[in-house]
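Residues -25 to -1, 1 to 409 in mature numbering (1 follows the signal peptide of the UniProt record, and there is no 0) are what the sequence shown lists, from first letter to last. Here a beta-carbon is modelled for each residue, glycine too, at the ideal position from N, C-alpha and C. Since the structure comes first, as structure tokens, the remarks are kept for the end.
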Amino acid sequence: FTFLPSDMRLHVIIAAVCWCGLVDSRKIRGISSSYKRFYRERKSFLCIDGSKVIPFEQVNDDYCDCEDGSDEPGTSACPRGRFYCTNLGFRPHYIPSSRVNDGICDCCDASDEYNSHAHCQNTCWNLGQRERAYVEGQMRTLDEGLQLKQQLIEEGVLLWREKQSQLRELQQAAEDLQIKLEDHRKRKHEADRRKEQTLKALEAGDGGKCLETFNPLTVDEVQAKVALVHDEERVLSEDEAVALLGGGHQMDLTKFQHTLWDILTKGDSVKVSSIDLLSAEWEATNLKKVEEAYETVNMEISDLQKKLALDYGTDWEFLFLNSQCYKLKVYEYTYTLCPFNQVTQKSTAGTEVSLGKWGMWAGTPKNQYSQMVYENGEPCWQGGSRSTTVTLTCGTETALRSVKEPSKCQYIMDFQTPVACQPVLKQRGIHSEL
């Protein structure tokens, strides 16, 4: 406008300055980029909830016109209003509009105190640096944790196969023992029958009759049924038993009648430790041993089946926790977590209390293995029983990190382990712009 007279040029310049000042004063504060489309300067403004249309000049005029507070994003006029902190270099967030220009710095970029006496510094970059360092550390922990998790998965698969193989071996042993058990029961039954015949014959004074059903006598039976009278009836050694059998390892009826029978019934250096020479007690002892072995194997099978029936994760990654226990001392108590078993609390006085037995996985639908519940612990004095919720968090070590009792007899634990690490860790929203 150089073609205009000087006095007219002055008026135009003044008008332009005034107009620019008007634009600056109308600058829309406290909105995010996604909401800027609602605040394009025009003749009228539609409240975002659609409840009212007002002149655009009334936006951020420090008077609340819209019920949703959308006409005053940059002032404290509306009780339901929100102010958006851009926080370039850090995390953006909303604050209640009542905090705008209240003399307290709420936004790290100081944008909420644009018209107050507060002297706010922009700390977003420093906060962002610390936040990024923290997230980078978390990502390093995650990477290392995932590597360890993969190792534990591989170990879990091998351990699962080993347990399955062990179960098959125990089941085969149980089958073999059952066959053996039936055989020993038959042998004991036969031995009892012969014992009864022997006793009747001896009571009748005719020892010879008891020899009619005689089977070859073995070294084991002689050792079991014959003892030396001296040395407080010392048990015969194998060599001594062989000597009584005439140098062999068994003796038939004819030889027994003419040699060992007289020694056993008339001699004073040895005696029969039981009237029964037909092995009733021997068979009873053997049967008891087989029964005990059979019962032990079946208990081991039952215990192993219960362990294998538990849910150890999709890849058996939690299997290594079984039969392990982790302790943490908190003040005068020592807490012990035995995964898939129980949780206990022990005082310095030595009193131990159950805080719950293994119940179930209780995580979120997206990650059901993020929480364990232990229930039905010892009764609480207020009623009900003690219980514990264990939250699993990602870490490079497996350890019990914290224990709290937020409400009476209800405990929460933080349990850190690599197998809790998930392949994707969502990073918090941090501006990368400088």
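*Distance between Ser91 and Leu296 (C-alpha atoms, nearest Å)*: Within the sequence shown, residue 296 is the residue found at index 321, counting from 1. Within the sequence shown, residue 91 is the residue found at index 116, counting from 1. Taking the straight line joining both Cα atoms gives about 58 angstroms.
*Looking at the unbroken beta strand (DSSP E) that takes in Ala255, where does it start and where does it end?*
Here residue 255 refers to the residue found at position 280 of the sequence shown. No beta strand (DSSP E) holds Ala255; the alpha helix (DSSP H) holding it covers 255 to 283.
_From Met274, Val34, Trp333, Phe20, residue whose alpha carbon lies closest to that of Gly5_ = The residue you call residue 5 lines up with position 30 of the sequence shown. For Gly5, the closest of Met274, Val34, Trp333, Phe20 by C-alpha to C-alpha distance is Val34.
*Could you name each continuous beta strand (DSSP E) segment of 3 residues or more that falls completely within the segment 317 to 367, going from the start of the chain to the end?*
Every beta strand (DSSP E) of 3 residues or more that sits fully in the segment 317 to 367 is shown, in chain order, as 317 to 322, 327 to 336, 346 to 350.
*Scan the segment 80 to 159 and note each continuous alpha helix (DSSP H) run of 4 residues or more that stays entirely inside, going in chain order.*
Counting only runs of 4 or more, we get nothing.
_Cβ pair count under 8 angstroms reaching 3, the segment 59 to 78 against the segment 21 to 34_ = Cβ pair count under 8 angstroms is below three, so no.
_With H, G and I counted as helix, E and B as strand and the rest as coil, what does DSSP make of Val75?_
Within the sequence shown, numbered from 1, the residue matching residue 75 stands at position 100. Correct three-state label for Val75: coil.
*In chain order, what residues of the same chain lie with their CB nearer than 6 angstroms to the CB of Gln391, ignoring the 5 residues before and after it?*
One-based indexing of the sequence shown puts residue 391 at position 416. Within the same chain, and ignoring the five residues on either side of Gln391 in sequence, the residues whose Cβ sits closer than 6 angstroms to its Cβ are Thr368, Gly370, Ala374, Arg376.
*CA-to-CA distance, Asp46 to Tyr10, given in whole angstroms*: The residue given as residue 10 occupies position 35 in the sequence shown. The residue given as residue 46 occupies position 71 in the sequence shown. Straight-line Cα distance between these residues: approximately 12 angstroms.
_Looking only at its chain, what residues have a beta carbon closer than 7 angstroms to the beta carbon of Phe315, apart from the 5 residues adjacent to it on each side?_
The residue you call residue 315 lines up with position 340 of the sequence shown. Same-chain partners within the cutoff: Leu285, Leu296, Asn297, Trp333.
_Straight-line gap, Leu145 to Asn261 (C-alpha atoms, nearest Å)_ = Position 170 of the sequence shown, counted from the first residue, corresponds to residue 145. Position 286 of the sequence shown, counted from the first residue, corresponds to residue 261. Counting only the Cα atoms, Asn261 lies some 21 angstroms from Leu145.
*asked:* Pop quiz: Tyr269 and Gln153 are said to be a contact at Cβ under 8 angstroms. What is the actual Cβ separation, rounded to whole angstroms?
replied: As a working note, residue 269 is residue 294 in the sequence shown. As a working note, residue 153 is residue 178 in the sequence shown. About 7 angstroms separates the two Cβ atoms, so the contact holds.
*When DSSP labels each residue in this structure, what does Leu21 get in the three-state scheme?*
Looking up residue 21 in the sequence shown gives position 46. If DSSP states are grouped into helix, strand and coil, Leu21 belongs with the strands.
_Tyr306 versus Met388 - alpha carbon distance_ = Within the sequence shown, numbered from 1, the residue matching residue 306 stands at position 331. Within the sequence shown, numbered from 1, the residue matching residue 388 stands at position 413. Straight through space, the alpha carbons of Met388 and Tyr306 are spaced by roughly 15 angstroms.
*Do Asn76 and Glu88 have their CB atoms nearer than 8 angstroms?*
Residue 76 sits at position 101 when you count from the first residue of the sequence shown. Residue 88 sits at position 113 when you count from the first residue of the sequence shown. Yes, they are a contact pair.
_Quick test of the definition: if touching needs 3 or more C-beta pairs under 8 angstroms, does the segment 160 to 169 touch the segment 321 to 328?_
The segment 160 to 169 vs the segment 321 to 328: no contact.
*asked:* Determine whether the beta carbon atoms of Trp291 and Val110 lie at a separation below 8 angstroms.
replied: As a working mapping, residue 291 is identified with position 316 in the sequence shown. As a working mapping, residue 110 is identified with position 135 in the sequence shown. For Trp291 and Val110, no; Cβs fall outside 8 angstroms.
*asked:* Give me the DSSP bridge partner(s) of Thr309.
replied: Looking up residue 309 in the sequence shown gives position 334. According to DSSP, Thr309 bridges with Lys304, Lys321.
*Which residues bound the beta strand (DSSP E) around Phe58?*
Position 83 of the sequence shown, counting from 1, holds the residue named residue 58. Per DSSP, Phe58 is one residue of the beta strand (DSSP E) stretching across 57 to 60.
*Buried or exposed: Lys264, going by 16 or more other Cβ atoms within 10 Å of its Cβ?*
In the sequence shown, residue 264 corresponds to position 289, counting from 1. By the neighbour-count definition (other C-beta atoms within 10 Å, threshold 16), Lys264 is an exposed residue.
_Need the endpoints of the beta strand (DSSP E) that Arg376 sits in, please._
Position 401 of the sequence shown, counting from 1, holds the residue named residue 376. Counting along the chain, the beta strand (DSSP E) containing Arg376 begins and ends at 374 to 382.
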